[in-house]
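Residue numbers (this note's numbering): -19 to 42.
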């Protein structure tokens, strides 16, 4: 059974931003091994919150 959804209700709840894992890795400069781990864990697409909570980057030393 389907019901009508009001667009104002959807906008007020806040939609999750969905990222491609490859694009996320490129933007946040995550190395290839970590990108592969995220792909195995989350699949090719995941929410921004899931990616930020599960990604780990090596520290950048000067």
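Ideal Cβ placement from N, Cα and C applies to all residues, glycine included.
Source: prediction; values computed, not measured.
- In the DSSP annotation of this structure, residue 41 is not part of any beta strand (DSSP E), being labelled neither H nor E.
- Approximately 12 Å separates the beta-carbon atoms of residue 40 and residue 10; this is outside 8 Å, ruling out the contact.
- In this structure, residue 1 and residue 27 do not form a Cβ contact; the two beta carbons are roughly 11 Å apart against a cut-off of 8 Å.
- Beyond the five residues adjoining it in sequence on each side, residue 19 comes within less than 7 Å, by CB distance, of 1 in the same chain, given in chain order.
- Boundaries of the alpha helix (DSSP H) around residue 5: 1 to 7.
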